[in-house]
Amino acid sequence: MSRNAGRPAIAVVGVGYVGLTSAACLAHLGLDVTAIDIDENKIRQLNGGSSPIMELGLNQLLVAGLASGRLRFTSDYAATANTDIVLLCLPTPHSERENGPDLSAVRAAVMRLREQLPLDAIIVTKSTVPVGTQRALQELIERPDISVASNPEFLREGTAVSDFLEPDRIVIGADHQPVADRVAGIYRGITAPITFCDPLSAELIKYSANSFLATKLSYINELTRLCDRIGADIESVAEGIGSDPRIGTSFLAPGPGWGGSCFPKDTRALMHLARRTGQYLPVIESAYQSNLDQLDHIADRIQQLCPTRLDRARIAVWGATFKAGTDDTRQSPALQVIDRLIDRDATVVVYDPAAKTDDLPVVAAPDIYAACDEADLLVVLTEWPEFADADLTTVAQRLAGKTIYDTRQIVDPVKAADAGLYLVQLGRLPAA
Ligand code: UGA
Numbered sequence: 000m001s002r003n004a005g006r007p008a009i010a011v012v013g014v015g016y017v018g019l020t021s022a023a024c025l026a027h028l029g030l031d032v033t034a035i036d037i038d039e040n041k042i043r044q045l046n047g048g049s050s051p052i053m054e055l056g057l058n059q060l061l062v063a064g065l066a067s068g069r070l071r072f073t074s075d076y077a078a079t080a081n082t083d084i085v086l087l088c089l090p091t092p093h094s095e096r097e098n099g100p101d102l103s104a105v106r107a108a109v110m111r112l113r114e115q116l117p118l119d120a121i122i123v124t125k126s127t128v129p130v131g132t133q134r135a136l137q138e139l140i141e142r143p144d145i146s147v148a149s150n151p152e153f154l155r156e157g158t159a160v161s162d163f164l165e166p167d168r169i170v171i172g173a174d175h176q177p178v179a180d181r182v183a184g185i186y187r188g189i190t191a192p193i194t195f196c197d198p199l200s201a202e203l204i205k206y207s208a209n210s211f212l213a214t215k216l217s218y219i220n221e222l223t224r225l226c227d228r229i230g231a232d233i234e235s236v237a238e239g240i241g242s243d244p245r246i247g248t249s250f251l252a253p254g255p256g257w258g259g260s261c262f263p264k265d266t267r268a269l270m271h272l273a274r275r276t277g278q279y280l281p282v283i284e285s286a287y288q289s290n291l292d293q294l295d296h297i298a299d300r301i302q303q304l305c306p307t308r309l310d311r312a313r314i315a316v317w318g319a320t321f322k323a324g325t326d327d328t329r330q331s332p333a334l335q336v337i338d339r340l341i342d343r344d345a346t347v348v349v350y351d352p353a354a355k356t357d358d359l360p361v362v363a364a365p366d367i368y369a370a371c372d373e374a375d376l377l378v379v380l381t382e383w384p385e386f387a388d389a390d391l392t393t394v395a396q397r398l399a400g401k402t403i404y405d406t407r408q409i410v411d412p413v414k415a416a417d418a419g420l421y422l423v424q425l426g427r428l429p430a431a
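Sequential numbering of the sequence shown, starting at 0, is according to numbering that gives the first Met the number 0.
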C-alpha cells in the first residue's frame, strides 16, 4: 500500500499532455506519483523541473510536485513495484496500415507492468483508447488479481490543468464496483459528478463526446459557408440559436475547421469501429467530410480575395497552431489551409507566437508585422489574442494588398476600417 497514509500510490505511464498533466495535478492533490516514460531525455528534463509542453500552470505544479517529494520521473518500470493504481496515458495514433488506432505502445506497457505490479493493483486507461481496450488488456495481462478499468480524460490543451482540477464530470468504467470506488478515491478533493458504468460504455463516452463536439463545429461551419453564400451573419445566427439552452452557446465559434490531436483521430476511430461492426454512422461520417469541405472553402475564399493569381501571390498567415494557447500544430486547420495554398503554388509566410519553426511547412516570419511585408493578402487562421491586439496602422503600412481575411472573427472591423484596410471575416457581413 501507499507511502502516503491511506491514499493510493499512483504510477502514470506515458508523460505526454495527458500523463504529465495528470501526474502533476495528482501530486498537487496530495498523492504520491511516479511518472514513467521511455524517453530518457524527457525524464531528465522533467526531473530538472522543466515541462516539455506548453500548458498554462503546468510548470508551476511540476516544480512544486518535485519539491514536495510527491512527484518523480523515471524510465524504470521497477518503480511501479509498490503502486496501487497505474494510469496509462500512452498515445494511440491512427495507423493507416491497420486503418484504426495503433495500440502497440499500450500493449507493450501492460506487458512490462505485468512483471512489476504488486498484488491487487489496478491499471486504468486514461488517455483515449479504442472501445474494447479494457477488455483486451484484462485478457492480455493474465493476472487475475489485477483489474483493468477505464477512466477517460476530458482535458483540453491550453486549459488542461484547470480541466483536471475542476472537471465537469468524472467517468469510471469498471467490471466491479469496489474497483470503481478505488479509482474514484484518486479524485478525493475534487467536486464533480461521477458516472459509474461498465468499461465499454466509459470508452464509448469519450469518443461520443469528442464526435458530438466535432459535429457541432461542422454544423456551425456549414452554416458559415451558407452565410458567405447568401450574405447572412454567422455571429447573429450563432447567438440566436445558442441562446436556446438545448443548443447552448459554447462550441459555436466558426473557424477554418476543427483539428488537433483528438477530434480528427477520435471521429475516425468511432467511424472505424462502427463500420467494422456493420453499424454505419452517417452523421459523424458527414461531419468529418464537412470539415474537409470547410478547409477547401477557406482556400477558395483566399483565392477569390487575393488580388493576384495565387501562383504569383505572397500570402501572409497569422497562426499555425490548431488553436490559441498551445504550441501544438498536430492536425492544425491552419497548416491544412497552408498546404492547400502551397498546392495552388502560392508563396506563404507564416507567423505564430508559439509554434516551433520545425513544425512549419513554410518560411516563418520573425514577428507579426514582418509577415505582412509585401504580402498580397493577410489571412488570420488561429485566434491568438496578440492578433486581435495588433497595431493595424502598422499592418496597413506593410501589407501590400491592404486586405485581411479573418477566419476567426478576432480583428476589430472598426480599427481595420480606420487603418484603411479591407477586412473580410468568415461568415460575417462587412462592417457598415
Ligand atoms: C478536445 C476536447 O475539447 C476535450 O474535451 C478532450 O478531452 C480532448 O479533445 C481530448 O480528447 O483529449 P482539444 O483537442 O484540446 O480538446 O481542443 P478543443 O478546444 O476542443 O478544440 C478542437 C478544435 O475545435 C480546434 O481546432 C479549435 O480551434 C476548434 N474549435 C473549438 C472551433 O473552431 N470553434 C469552437 O467554438 C471551439
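Cβ atoms here follow ideal geometry from the backbone N, Cα and C, with glycine treated the same way.
*Which runs of the beta strand (DSSP E) fall wholly inside the region 56-84 and span at least 3 residues, in chain order?*
Fully enclosed beta strand (DSSP E) runs of 3 or longer: 70-73.
*Sheet register partners of Ile317 (DSSP bridge)*: The question names Ile, but residue 317 is Trp in the sequence shown. Tyr350, Val379, per the DSSP bridge assignment.
*Could you check the C-alpha separation between Thr127 and Val105 for me, to the nearest Å?*
Cα to Cα, the separation comes out at about 11 angstroms.
*Please confirm whether any heavy atom of the ligand UGA lies closer than 7 angstroms to the CB of Trp317.*
Annotation for Trp317 indicates a beta carbon at 7 angstroms or more from all heavy atoms of the ligand UGA.
_Cβ distance (whole Å) where Val423 is taken to contact Leu304 below 8 angstroms_ = The Cβ separation is near 6 angstroms, so the contact holds.
*If you compare alpha carbons, which of Met270, Ala418, Gln278, Thr223 is closest to Leu251?*
That would be Thr223, whose Cα lies nearest to the Cα of Leu251.
*asked:* Rounded to the nearest angstrom, what separates Gly18 and Ala416 at their Cα positions?
replied: Rounded to whole angstroms, Gly18 to Ala416 spans 46 angstroms at the Cα level.
*Go through its chain and collect everything with a Cβ distance to Leu89's Cβ below 7 angstroms, but skip five positions before and after it.*
Here the set comprises Val12, Gly13, Ala104, Val105, Ala108, Ser126.
_Using the Cβ count rule (16 or more neighbours within 10 Å means buried), how would you classify Ala21?_
The residue you asked about is not Ala; residue 21 is Ser in the sequence shown. By the 10 Å Cβ count, Ser21 comes out buried.
*Within the chosen definition, does the region 371-379 reach the region 388-398 through at least 3 CB pairs nearer than 8 angstroms?*
The region 371-379, when compared against the region 388-398, does touch it at the 8 angstroms Cβ threshold.
*Please look up how many angstroms separate the CB atoms of Leu57 and Ala23, rounded, as I've assumed it's under 8 angstroms.*
With 8 angstroms as the limit, Leu57 and Ala23 qualify as a contact, their Cβ atoms being about 6 angstroms apart.
*asked:* Across the region 185-202 and the region 258-275, are there enough close Cβ pairs to call them in contact, namely three or more that are closer than 8 angstroms?
replied: The region 185-202 is not in contact with the region 258-275.
_Candidates Ser50, Pro7, Ala34, Thr320, of which the one nearest Arg71 by Cα_ = Among Ser50, Pro7, Ala34, Thr320, the Cα nearest to that of Arg71 belongs to Ala34.
*Hey, is the region 227-246 in contact with the region 172-188, meaning 3+ C-beta pairs nearer than 8 angstroms?*
By the C-beta criterion, the region 227-246 is judged not to be in contact with the region 172-188, since fewer than 3 inter-stretch pairs fall below 8 angstroms.
*Near the ligand ATP: Arg155 beta-carbon under 7 angstroms from a heavy atom*: Absence of the ligand ATP from the depicted structure is noted, with the ligand UGA being the only ligands included.
_Alpha-carbon to alpha-carbon, Lys264 and Glu95_ = Lys264 has its alpha-carbon roughly 11 angstroms from the corresponding atom of Glu95.
*Among residues of its own chain, excluding the 5 on either side of Leu425, which ones have a beta-carbon nearer than 8 angstroms to its beta-carbon?*
In the same chain as Leu425, and ignoring 5 residues on each side of it, the C-beta atoms closer than 8 angstroms to its own belong to Thr223, Asp227, Ile233, Pro253, Gly254, Pro255, Ile297, Arg300, Tyr404, Asp405, Thr406, Arg407, Gln408, in chain order.
*Please state whether DSSP places Ser1 in a helix, a strand or coil.*
Summary for Ser1: the model assigns pLDDT 45, below 50, so the residue's position carries little reliability, and this model does not support an answer.
*Cβ distance (whole Å) where Thr320 is taken to contact Ala353 below 8 angstroms*: The C-beta distance from Thr320 to Ala353 rounds to 6 angstroms, short enough to fall under 8 angstroms.
_Three-state secondary structure assigned by DSSP to Ala173_ = It is coil, neither helix nor strand.
*May I have a chain-ordered list of the alpha helix (DSSP H) segments no shorter than 4 residues that lie completely inside the region 253-292?*
Taking only runs of at least 4 residues, the alpha helix (DSSP H) segments lying wholly in the region 253-292 are 262-275.
*Please indicate yes or no: does the CB of Gly277 lie closer than 7 angstroms to some heavy atom of the ligand UGA?*
Every heavy atom of the ligand UGA is 7 angstroms or more from the Cβ of Gly277, so no.
*With a Cβ-Cβ cutoff of 8 angstroms, do Asp344 and Leu294 count as a contact?*
No, these two residues do not count as a Cβ contact at 8 angstroms.
*Simplified DSSP assignment, three categories, for Leu112*: Looking at Leu112 - three-state DSSP - the assignment turns out to be helix.
*Taking 7 angstroms as the cut-off, is the CB of Leu251 close to at least one heavy atom of the ligand UGA?*
Distances from the CB of Leu251 to the heavy atoms of the ligand UGA include at least one below 7 angstroms.
_Cβ neighbour criterion (16 or more within 10 Å) applied to Lys322_ = Buried.
*How is the alpha helix (DSSP H) around Tyr206 delimited, first residue to last?*
Segment 198-229, the alpha helix (DSSP H) holding Tyr206.
*To the nearest angstrom, how far is it from the Cα of Gly48 to the Cα of Ser289?*
Taking the straight line joining both Cα atoms gives about 43 angstroms.
_Exposed unless 16 or more other CB atoms sit within 10 angstroms - verdict on Gln335_ = When all chains shown are included, Gln335 counts as buried.
_Cβ neighbours of Trp383 in the same chain (closer than 7 angstroms, five flanking residues each side left out)_ = Cβ within range, chain order: Gly318, Ala323, Pro352.
*With a cut-off of 8 angstroms on the beta carbons, I'd call Thr266 and Glu156 a contact; round off their distance for me.*
Rounded, the Cβ-Cβ distance is 17 angstroms, inconsistent with contact.
*Should Ala135 and Ile171 be called a contact, given that it needs their Cβ atoms to be closer than 8 angstroms?*
With contacts defined as CB atoms closer than 8 angstroms, Ala135 and Ile171 fail to qualify as a contacting pair.
*First through last residue of the beta strand (DSSP E) which encompasses Ala148*: Taken as a continuous stretch (DSSP letters only), the beta strand (DSSP E) holding Ala148 covers 146-149.
*Count the other CB atoms, across all protein chains shown, that sit within 10 Å of the CB of Pro7; report buried if there are 16 or more and exposed otherwise.*
It is buried - the Cβ of Pro7 has at least 16 other Cβ atoms within 10 Å.
*asked:* For Leu86, list the residues DSSP reports as bridge partners.
replied: DSSP, once it has assigned bridges, lists Val11, Val123 as partnering Leu86.
*Buried or exposed: Met0, going by 16 or more other Cβ atoms within 10 Å of its Cβ?*
The predicted position of Met0 is uncertain, since its pLDDT is 43 and thus under 50; no value can be drawn from it.
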